[in-house]
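**Student:** Just so it is clear: in the sequence shown, position 304 is 304 by the working numbering, and no numbers are missing. For glycine and all other residues, C-beta sits at the position ideal for the given N, C-alpha and C. Keep in mind the model is a prediction, meaning the values are calculated, not measured. Quick one: the structure is below, and I'll ask about it shortly.
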Amino acid sequence: MLTGRTRWPRARRILFLACLWLASVSCSIIVLEWVTGYLYERTPFSNGKRIIDLYLGQQPTVRSDVNGESASLASHPYLLYTHLPNLTTDGYQQTNSLGYRNREFTVAKPPDTIRILVLGGSTTFMWPFVKNPADTWVACLEAKLKTISKKTVQVVNAGLNYGTSAEALAGYVFRHRFLQPDIVIYHGGGNDVLPLFFGNYTPEYTHFRRYGAGEIPRPGEKFLLRHSSTAKYVYSRWLEPIGAVVVTEPFWEVDPKTALERVRMQAPEGFRRNLDMLVSSSQQAGSAVVLFGFLQARRQNLSKNAGAFKGFEEALILGLEKNYDVMREIAVNHQPKLTLLF
């Protein structure tokens, strides 16, 4: 039978072992957190890290190994996605507080100012391909016009990476028109070719594009990610392949011959609807409109510039020609306040 004297040493031994176990666990957690924190800073899962930044409500860090065209994007409740405001990378501030690739300006147009709004895709926005915002063709246009105009000229770069006519229209209706542009330039038609590659074509492009997995964490995840390097490391691996902002159907999974046949058979009705509404809305607001067709690389250079286009050259050329036809038709219907450039 155990006496009080014998029970007390046993209790102390149990307490000692419990404390030792807790100390071991604590040390293990500290070491694990240090190791995973070290690995997290060096892991190549850039998209996963970007989503974690979005989960935490932080400005995403644009890392050198992340896909630049998507690294600058943020989801929007009714525009699908936009460019991040105040994006600074590659040694330059790439966007202002409004998300345009310009120096800071006010929404209200200053007196005696000619304001030109330029809509388009990545060939308009031009980052990450052109590092210095002053070297984009939009900025060069502004610089040229300033030398020949007695008024102040402001050319607003509202290009959107991956943007189709659908995003251009939504952006104009809900945001850009409040800038009161005197002239609207639409430079596009290229990104609207890819929706024609798919058999379940719909003019709303829901067969081609959808919103991503989202930027809002589940209950408890934000606290976990804010306080645990291990959680951040695990989540960065898990979230790496996920499109948080926007998901575009992979055209490269379509057989090139099938894609060509679909482009031949299907009319670009979505592009027609979107562009017609964009032009009508701009003209009703008092803006002159310029349609500037997408400048596609020559056939022999298409796959050199983008390896995923290999085998799709014929479909891309035919699809763009169809979109050019739409632009010509709309230019005729909306004369005389519209100019068409190719």
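(1) Any idea if Leu20 is buried or exposed, counting beta-carbon neighbours within 10 angstroms, 16 or more meaning buried?
(2) Return the first residue and the last residue of the beta strand (DSSP E) that Asn157 is part of.
(3) Does the region 239-259 come into contact with the region 301-315, if we say contact requires no fewer than three beta-carbon pairs (one atom in each stretch) closer than 8 Å?
(4) With three or more beta-carbon pairs closer than 8 Å as the criterion, would you say the region 191-204 touches the region 313-325?
(5) Alpha carbon to alpha carbon, how far is Val290 from Gln335? Give it in angstroms, no decimals.
(6) With DSSP as the reference, label Val66 as helix, strand or coil.
(7) Measuring alpha carbon to alpha carbon, tell me which of Asn132, Ala231, Val332 and Leu224 ends up nearest Pro90.
(8) I want to check one thing, is the minimum distance from the CB of Phe178 to the heavy atoms of the ligand GDP below 7 Å?
(9) If I follow the unbroken beta strand (DSSP E) through Leu119, where does it start and stop?
(10) What is the rounded straight-line gap between the Cα of Ser46 and the Cα of Arg103?
(11) Using only alpha-carbon positions, find the residue among Ile317, Leu302, Arg299 and Met277 that is nearest to Ala331.
(12) Hey, is the region 102-122 in contact with the region 159-173, meaning 3+ C-beta pairs nearer than 8 Å?
(13) Mind reading off the beta-carbon distance from Lys222 to Leu56? Whole number of angstroms is fine, and I expect it under 8 Å.
(14) Just the C-alpha distance for Ala143 and Thr248, rounded to the nearest angstrom, thanks.
(15) What is the DSSP secondary structure of Val289, counted as helix, strand or coil?
(16) Which value, in whole angstroms, describes the spacing of the CA atoms of Trp127 and Cys27?
(17) Can you name the start and end residues of the beta strand (DSSP E) that Thr248 belongs to?
(18) Please report the straight-line C-alpha distance between Pro85 and His176, rounded to a whole angstrom.
(19) How big is the Cα-Cα spacing for His207 and Gly270?
(20) Is Ala11 buried or exposed, if buried means 16 or more other CB atoms sit within 10 Å of its CB?
(21) Under a Cβ-count criterion, where at least 16 other Cβ atoms within 10 Å of its own Cβ denotes burial, should Thr88 be classed as buried or exposed?
(22) Count the CB pairs spanning the region 287-307 and the region 166-186 that are closer than 8 Å, and state whether there are at least three.
(23) Alpha carbon to alpha carbon, how far is Ala315 from Ser229?
(24) Please go through the region 213-284 and give each complete alpha helix (DSSP H) segment of 4 or more residues, from N-terminal end onward.
(25) Identify whether Arg299 lies in helix, strand or coil by the three-state DSSP scheme.
(26) Check His334 in the structure and name its three-state DSSP category.
(27) Look at the Cβ atom of Gly99, then the Cβ atom of Thr124, and state whether they are nearer than 8 Å.
(28) Near Gln296, which residues of its chain fall below 8 Å by C-beta distance, leaving aside the five closest residues on each side in sequence?
**Tutor:** Walking through what the data contain:
(1) Here the question's residue 20 lines up with position 20 in the sequence shown. Exposed is the call here.
(2) The residue given as residue 157 occupies position 157 in the sequence shown. Looking at the DSSP string, the run of the beta strand (DSSP E) that includes Asn157 is Thr152 to Asn157.
(3) Yes, they touch.
(4) Per the Cβ contact rule, the region 191-204 is in contact with the region 313-325 (3 or more Cβ pairs under 8 Å).
(5) Locating residue 335 in the sequence shown gives position 335, counting from the first residue. Locating residue 290 in the sequence shown gives position 290, counting from the first residue. The C-alpha of Val290 is placed about 11 Å away from the C-alpha of Gln335.
(6) Counted from its first residue, the sequence shown places residue 66 at position 66. In this prediction, Val66 scores a pLDDT of 49, lower than 50, which makes its location untrustworthy; no coordinate-derived value is stated.
(7) Here residue 90 is taken as the residue at index 90 of the sequence shown, counted from 1. As written in the sequence, residue 90 is Asp, which differs from the Pro given in the question. When each option's Cα is compared against that of Asp90, the closest is Asn132.
(8) This structure lacks the ligand GDP, and indeed carries no ligand of any kind.
(9) Start at 1 with the first residue of the sequence shown, and residue 119 comes out as number 119. Taken as a continuous stretch (DSSP letters only), the beta strand (DSSP E) holding Leu119 covers Thr113 to Gly120.
(10) Reading the sequence shown from its first residue, position 46 is the one you call residue 46. Reading the sequence shown from its first residue, position 103 is the one you call residue 103. Near 28 Å, if we compare the C-alpha coordinates of Arg103 and Ser46.
(11) Here the question's residue 331 lines up with position 331 in the sequence shown. Measuring from the Cα of Ala331, the nearest candidate turns out to be Met277.
(12) Under the 8 Å Cβ criterion, the region 102-122 counts as touching the region 159-173, having at least three qualifying pairs.
(13) In the sequence shown, counting from the first residue as 1, residue 222 sits at position 222. In the sequence shown, counting from the first residue as 1, residue 56 sits at position 56. Between Leu56 and Lys222 the Cβ distance is about 6 Å, and since that is below 8 Å, they are a contact.
(14) Here residue 143 refers to the residue found at position 143 of the sequence shown. Here residue 248 refers to the residue found at position 248 of the sequence shown. Those two C-alpha atoms are separated by around 35 Å.
(15) Indexing the sequence shown from 1 puts residue 289 at position 289. In the three-state reduction of the DSSP assignment, Val289 falls in the strand class, which pools E and B.
(16) Locating residue 127 in the sequence shown gives position 127, where the first residue counts as 1. Locating residue 27 in the sequence shown gives position 27, where the first residue counts as 1. Whole-angstrom Cα-Cα distance: 45 Å.
(17) Along the sequence shown, read from residue 1 onward, the residue named residue 248 stands at position 248. Counted as a single uninterrupted DSSP element, the beta strand (DSSP E) harbouring Thr248 occupies residues Val246 to Thr248.
(18) Residue numbering aside, residue 85 sits at position 85 when the sequence shown is read from its first letter. Residue numbering aside, residue 176 sits at position 176 when the sequence shown is read from its first letter. Taking the CA atoms as reference points, Pro85 sits about 15 Å from His176.
(19) In the sequence shown, the residue the question calls residue 207 occupies position 207. In the sequence shown, the residue the question calls residue 270 occupies position 270. Roughly 11 Å separates the two Cα atoms.
(20) Reading the sequence shown from its first residue, position 11 is the one you call residue 11. With fewer than 16 other Cβ atoms from the protein chains shown falling within 10 Å of its own Cβ, Ala11 counts as exposed.
(21) Residue numbering aside, residue 88 sits at position 88 when the sequence shown is read from its first letter. Exposed: under 16 other Cβ atoms inside 10 Å.
(22) Segments in contact, yes.
(23) The count along the sequence shown starts at 1 and reaches residue 315 at position 315. The count along the sequence shown starts at 1 and reaches residue 229 at position 229. Pairing Ala315 with Ser229, the inter-Cα distance amounts to about 47 Å.
(24) DSSP runs (the alpha helix (DSSP H)) wholly in the region 213-284: 221-227, 229-239, 256-265 and 269-284.
(25) Working through the sequence shown from its first residue, we reach residue 299 at position 299. DSSP places Arg299 in helix when its eight states are reduced to three.
(26) Numbered from 1 along the sequence shown, position 334 holds the residue referred to as residue 334. His334 falls in the coil class under three-state DSSP.
(27) As a position in the sequence shown, residue 99 is number 99, starting the count at 1. As a position in the sequence shown, residue 124 is number 124, starting the count at 1. Judged by beta-carbon spacing, Thr124 lies beyond the 8 Å limit of Gly99, meaning their Cβ atoms are not closer than that value.
(28) Residue 296 sits at position 296 when you count from the first residue of the sequence shown. Around Gln296: Gly190, Leu302, Leu316, Ile317 and Leu320.
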